[in-house]
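K.L.:
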DNA sequence: TTAGATAATTGGAACGTTCCAATTTTGTCA
DNA sequence: TGACAAAATTGGAACGTTCCAATTATCTAA
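Structure representation (structure tokens):
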């Protein structure tokens, strides 16, 4: 099959023009005559030419490579998959192409993939940092003038833009809602305590309890892996307490689903016998039974915003870091058995 | 900040050697003296040099670019996310880097991303084709000698390797299992009938029913989107039948979870009042309550195998298409209320 | 010593593109 | 028709690397 690569020179030859003209056509320059353009394009199609972006990049090293990198810390978590999809949407429509990698929560792997991306000449990076990422890891990137946008998690001391959700307010609203429904013993389930996100949400939890004149009971805080399995384990522990909680806010939706599973294993009906609130609003939160009350973060929207922010910085040339805190909204569904909810359900009948 | 790019020549200059020597060092050639290598490496680190893979590729156009592309049809489906993670594992350890894109089930988008990948000089492609992909879409790729491995779905007439799971046997085993437990009315829920995967599974369903001397009732086949929401809708319809089914095999795990949700909404207990079997064995299948009985496909393993197959073809140079059908295994858990299962549960107490 | 082998190093051409300055073609108007 | 402007085209240099053939430095053994 086609062993030899077809180059711009072959095209020029076949079309009876110079390589410069072909180049102009490729860039859709207005300088070239309409008839010539048509002929060149015809030859291009005929010979099956494929543009060599590597060579082009080489020449215009100052310009941008039209690749943006994105690395997430856990692709198997649908939150991040959706985030990536959101990024892809805007990146694509801006004529860029996405280079997606998964660090799997390993800083070493993260370092590797970022290095590899640099070698390929990305013009910007969207990073959901692995746990334990140090500002020094990002230093060389920003030093070489490549815009970076951190999402979901901050990296302390890194001079890059960031887009995180309002963890504090989200959790505060969730707890207030439960307290408003009359719950006194509200557990905080799931998540690793050594992360900034955990601490922000925890702060919101404590703050809301204080607000509502409820005591903070340390045994009601049960940390675990931020996964479905972690949620099962956490509720398991919480139900072994002498004084059981009657409601829980969860570190994220995955934990919340696990909690629902665990409740059922104990013959408790989530939403009826026990109120559960999640965090993230992943896509299944709406269709699960009971539909999950959760703090909506809109991962796709977050991805879109991050991409827009990055593109803005790429186009501006200068990259002055801005820290954006995305607002967040409690979506009340069935899993917390609210009055509002029952009314809604009735009205649907 | 570092405006000027550091090149191999700068390194050569600073280290007092020629650019050729620096190049040799970069390639870890045994030809270069140990002392020189050390010095050059020191300078490289000191000046913050980053390798320009584009330029390298340009020179050694015959050789491989160390990029492999992977495009999936729905990244938000965790099956594909895990597949991608599996691919990443082996691709990474072979020194390649992964270029992941999402076609979102659109052939146009798929065409775009594949074109873009070609321009970037991928040395191989793993493709989970969007619905409606035509053999002609892959033609130019294979014509230019780039190995392609199709996963999950075949593309009729395309002369590329493929790796699909044994849909027929998997579904057949699932139905046999249910029939063996005494179920007579077994529904087939979810999936779009215009796909090859659907038809293979359907064939397994019919075959097993015939095997077990059970009648095929067309109303027990309810298609829907292959998603959680689709599963809810499908069981909803199935429960409206005069003669209800007592068990269901589902197109995939997402549908199965939706079916469980739908059953609960009708106050039916999945695993007790109604048997449910999924397909795929996504990660949540184990931790869900009830744990899902399902046909295990091991998406990560499939990704790994696909990547190995692709690398083999890349290294071999020649790409003779081979079609691999991955074997598949019924994993019995709680959701089908089997006798085995109850025994297991007891033994755990 | 020195011839011969081996180990290290090196300059220049090449990869496929874009940019620049220069040239040729076409168009306009007196 | 000539003079000038505008439009279209063009050759060559450059981007950062690798490869090749050629050169120089170092070692070995008689």
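Protein chains in written order, with this note's numbering: chain L, -11 to 337; chain Z, -11 to 337. Glycine included, every Cβ here is placed at the ideal spot set by N, Cα and C.
Give me the DSSP bridge partner(s) of residue 268 of chain Z.
P.N.:
Here the question's residue 268 of chain Z lines up with position 280 in the second chain. The partner list for residue 268 of chain Z (beta bridge, DSSP) reads Z:284.
K.L.:
Is any beta-carbon of chain Z found at less than 8 Å from that of residue 177 of chain L?
P.N.:
Locating residue 177 of chain L in the first chain gives position 189, counting from the first residue. Answer no: the Cβ-Cβ gap between residue 177 of chain L and chain Z never drops below 8 Å.
K.L.:
As an exercise, report each continuous beta strand (DSSP E) stretch of at least 3 residues that is fully enclosed by the stretch 59 to 143 of chain Z, in chain order.
P.N.:
Here the runs fully enclosed are 85 to 90, 113 to 115, 136 to 139.
K.L.:
Answer yes or no: do residue 72 of chain L and residue 291 of chain L have a C-beta to C-beta separation smaller than 8 Å?
P.N.:
Your numbering for residue 72 of chain L matches position 84 in the first chain. Your numbering for residue 291 of chain L matches position 303 in the first chain. Contact: yes.
K.L.:
Check whether the Cβ of residue 215 of chain L lies closer than 7 Å to any heavy atom of the ligand COA, and answer yes or no.
P.N.:
No copy of the ligand COA occurs in the structure displayed, which carries no ligand at all.
K.L.:
My output table needs one value for residue 42 of chain Z: the three-state DSSP class, helix, strand or coil.
P.N.:
Reading the second chain from its first residue, position 54 is the one you call residue 42 of chain Z. Helix at residue 42 of chain Z.
K.L.:
So residue 220 of chain L contacts chain Z; which residues on that side make the cut at Cβ distance below 8 Å?
P.N.:
As a working mapping, residue 220 of chain L is identified with position 232 in the first chain. Result: 275, 277.
K.L.:
So, using beta-carbon positions, are residue 236 of chain L and residue 247 of chain L closer together than 8 Å?
P.N.:
Here residue 236 of chain L is taken as the residue at index 248 of the first chain, counted from 1. Here residue 247 of chain L is taken as the residue at index 259 of the first chain, counted from 1. Cβ atoms of residue 236 of chain L and residue 247 of chain L: closer than 8 Å.
K.L.:
Just list the beta strand (DSSP E) runs in the stretch 203 to 258 of chain Z, keeping only unbroken ones of 3 residues or longer that don't cross its boundaries, in chain order.
P.N.:
Runs found: 235 to 238.
K.L.:
In its own chain, which residues sit with a C-beta less than 7 Å from the C-beta of residue -3 of chain Z, not counting the 5 before and 5 after it?
P.N.:
Here the question's residue -3 of chain Z lines up with position 9 in the second chain. Within the same chain, residue -3 of chain Z has close Cβ partners 7.
K.L.:
Look at residue 308 of chain Z and residue 267 of chain Z and say whether their C-beta atoms are less than 8 Å apart.
P.N.:
Locating residue 308 of chain Z in the second chain gives position 320, where the first residue counts as 1. Locating residue 267 of chain Z in the second chain gives position 279, where the first residue counts as 1. Contact: no.
K.L.:
Does any C-beta atom of chain Z lie closer than 8 Å to the C-beta of residue 117 of chain L?
P.N.:
In the first chain, residue 117 of chain L corresponds to position 129, counting from 1. It does not; no Cβ of chain Z falls within 8 Å.
K.L.:
Compare the beta carbon distance of residue 164 of chain Z and residue 200 of chain Z with 8 Å and say whether it is the shorter of the two.
P.N.:
Along the second chain, read from residue 1 onward, the residue named residue 164 of chain Z stands at position 176. Along the second chain, read from residue 1 onward, the residue named residue 200 of chain Z stands at position 212. It is a contact, given that the beta carbons lie within the stated cut-off.
K.L.:
Please classify residue 228 of chain Z: is it buried, with 16 or more other beta-carbons within 10 angstroms of its beta-carbon, or exposed?
P.N.:
Along the second chain, read from residue 1 onward, the residue named residue 228 of chain Z stands at position 240. By the neighbour-count rule (16 or more Cβ atoms within 10 Å), residue 228 of chain Z is not buried but exposed.
K.L.:
Please report how far the alpha carbon of residue 68 of chain L lies from the alpha carbon of residue 20 of chain Z, in whole angstroms.
P.N.:
Along the first chain, one-based indexing puts residue 68 of chain L at 80. Along the second chain, one-based indexing puts residue 20 of chain Z at 32. If I take the Cα positions, the gap works out to 45 Å.
K.L.:
Pick out whichever of Z:178, Z:32, Z:108 has its Cα sitting closest to the Cα of residue 54 of chain Z.
P.N.:
On the second chain, position 66 is the one that residue 54 of chain Z refers to. Taking only the C-alpha atoms, the option nearest residue 54 of chain Z is Z:108.
K.L.:
Could you name the residues of the same chain whose beta carbon sits closer than 6 Å to that of residue 208 of chain Z, not counting the 5 residues immediately before and after it, in chain order?
P.N.:
Here the question's residue 208 of chain Z lines up with position 220 in the second chain. Within the same chain, residue 208 of chain Z has close Cβ partners 175, 233.
K.L.:
So residue 214 of chain L and residue 239 of chain L are in contact, right, with Cβ under 8 Å, and what is the actual spacing, rounded?
P.N.:
As a first step, residue 214 of chain L must be located in the first chain, where it is residue number 226. As a first step, residue 239 of chain L must be located in the first chain, where it is residue number 251. At roughly 5 Å, the Cβ-Cβ gap stays under 8 Å, so residue 214 of chain L and residue 239 of chain L are in contact.
K.L.:
Alpha helix (DSSP H) containing residue 169 of chain Z: first to last residue?
P.N.:
Counted from its first residue, the second chain places residue 169 of chain Z at position 181. That residue, residue 169 of chain Z, is in no alpha helix (DSSP H); it is neither H nor E in DSSP.
K.L.:
Against chain Z, does residue 249 of chain L count as a neighbour if the rule is that its beta carbon must be under 8 Å from one of theirs?
P.N.:
As a first step, residue 249 of chain L is located in the first chain; it is residue number 261 there, counting from the start. Yes - at least one Cβ of chain Z is within 8 Å of the one on residue 249 of chain L.
K.L.:
Just the C-alpha distance for residue 327 of chain Z and residue 62 of chain L, rounded to the nearest angstrom, thanks.
P.N.:
Reading the second chain from its first residue, position 339 is the one you call residue 327 of chain Z. Reading the first chain from its first residue, position 74 is the one you call residue 62 of chain L. Its pLDDT being 45, under 50, residue 327 of chain Z is placed unreliably in this model, and the value from its coordinates should be taken loosely. Residue 327 of chain Z and residue 62 of chain L: Cα-Cα distance of roughly 37 Å.
K.L.:
Using a Cβ-Cβ cut-off of 6 Å (strictly less than) and excluding sequence neighbours within five positions of residue 150 of chain L, which residues of its own chain qualify?
P.N.:
For the purposes of this step, residue 150 of chain L is identified with residue 162 of the first chain, where counting begins at 1. Cβ within range, chain order: 138, 142, 311.
K.L.:
Would you list, in chain order, the members of the stretch 127 to 145 of chain Z that have their beta-carbon closer than 9 Å to a beta-carbon of chain L?
P.N.:
So the close ones are 128, 130, 131, 132, 133.
K.L.:
For residue 45 of chain Z, return the contacting residues in chain L, with the cut-off set at a CB-CB distance below 8 Å.
P.N.:
Along the second chain, read from residue 1 onward, the residue named residue 45 of chain Z stands at position 57. Ordered by position in chain L, the residues that pass the 8 Å Cβ test against residue 45 of chain Z are 42.
K.L.:
Count the C-beta pairs between the stretch 251 to 261 of chain L and the stretch 177 to 192 of chain L that are closer than 8 Å, then say yes if the count reaches three, no if not.
P.N.:
Because the criterion of three Cβ pairs below 8 Å is not met, the stretch 251 to 261 of chain L and the stretch 177 to 192 of chain L do not touch.
K.L.:
Taking only the alpha-carbon atoms, compute the straight-line gap between residue 259 of chain Z and residue 81 of chain Z and give it to the nearest angstrom.
P.N.:
Start at 1 with the first residue of the second chain, and residue 259 of chain Z comes out as number 271. Start at 1 with the first residue of the second chain, and residue 81 of chain Z comes out as number 93. About 42 Å.
K.L.:
Assuming residue 87 of chain Z and residue 57 of chain Z are in contact, meaning their beta carbons sit under 8 Å apart, how far apart are those beta carbons, in whole angstroms?
P.N.:
Taking the second chain and counting its residues from 1, one reaches residue 87 of chain Z at position 99. Taking the second chain and counting its residues from 1, one reaches residue 57 of chain Z at position 69. So it is a contact: roughly 5 Å between Cβ atoms.
K.L.:
So what's residue 180 of chain Z in DSSP terms, helix, strand or just coil?
P.N.:
Taking the second chain and counting its residues from 1, the one referred to as residue 180 of chain Z is at position 192. Coil at residue 180 of chain Z, not helix or strand.
K.L.:
Specify, as a first and last residue, the run of the beta strand (DSSP E) that residue 8 of chain L falls within.
P.N.:
The count along the first chain starts at 1 and reaches residue 8 of chain L at position 20. Note, residue 8 of chain L: premise wrong, no beta strand (DSSP E); alpha helix (DSSP H) at 7 to 14.
K.L.:
Should the stretch 317 to 327 of chain Z be called in touch with the stretch 274 to 285 of chain Z, which here means at least 3 C-beta pairs below 8 Å?
P.N.:
Touching, yes.
K.L.:
Rounded to whole angstroms, what is the Cα-Cα separation between residue 273 of chain Z and residue 43 of chain L?
P.N.:
For this step, residue 273 of chain Z is matched to residue 285 along the second chain. For this step, residue 43 of chain L is matched to residue 55 along the first chain. The alpha-carbon atoms of residue 273 of chain Z and residue 43 of chain L are separated by roughly 47 Å.
K.L.:
Taking Cβ-Cβ distances below 7 Å as the criterion, which residues of the stretch 63 to 89 of chain L are in contact with chain Z?
P.N.:
Here the close residues are 63, 64, 66, 69, 70, 72, 73, 76, 85, 86, 87, 88, 89.
K.L.:
How would you call residue 148 of chain Z, buried or exposed, if buried means at least 16 neighbouring beta carbons within 10 angstroms?
P.N.:
Taking the second chain and counting its residues from 1, the one referred to as residue 148 of chain Z is at position 160. Buried is the call here.
K.L.:
Note the first and the last residue of the continuous alpha helix (DSSP H) segment covering residue -6 of chain Z.
P.N.:
Working through the second chain from its first residue, we reach residue -6 of chain Z at position 6. Element bounds for residue -6 of chain Z: n/a, residue is neither H nor E.
K.L.:
Output, in sequence order along the chain, the residues in the stretch 284 to 318 of chain Z whose CB is closer than 8 Å to any CB in chain L.
P.N.:
Cβ contacts with chain L come from no residue of the stretch 284 to 318 of chain Z.
K.L.:
Please list the partners that residue 93 of chain Z has in chain L, where partner means a Cβ-to-Cβ separation under 9 Å.
P.N.:
As a working mapping, residue 93 of chain Z is identified with position 105 in the second chain. Neighbours of residue 93 of chain Z on chain L: none; closest Cβ ~12 Å, over 9 Å.
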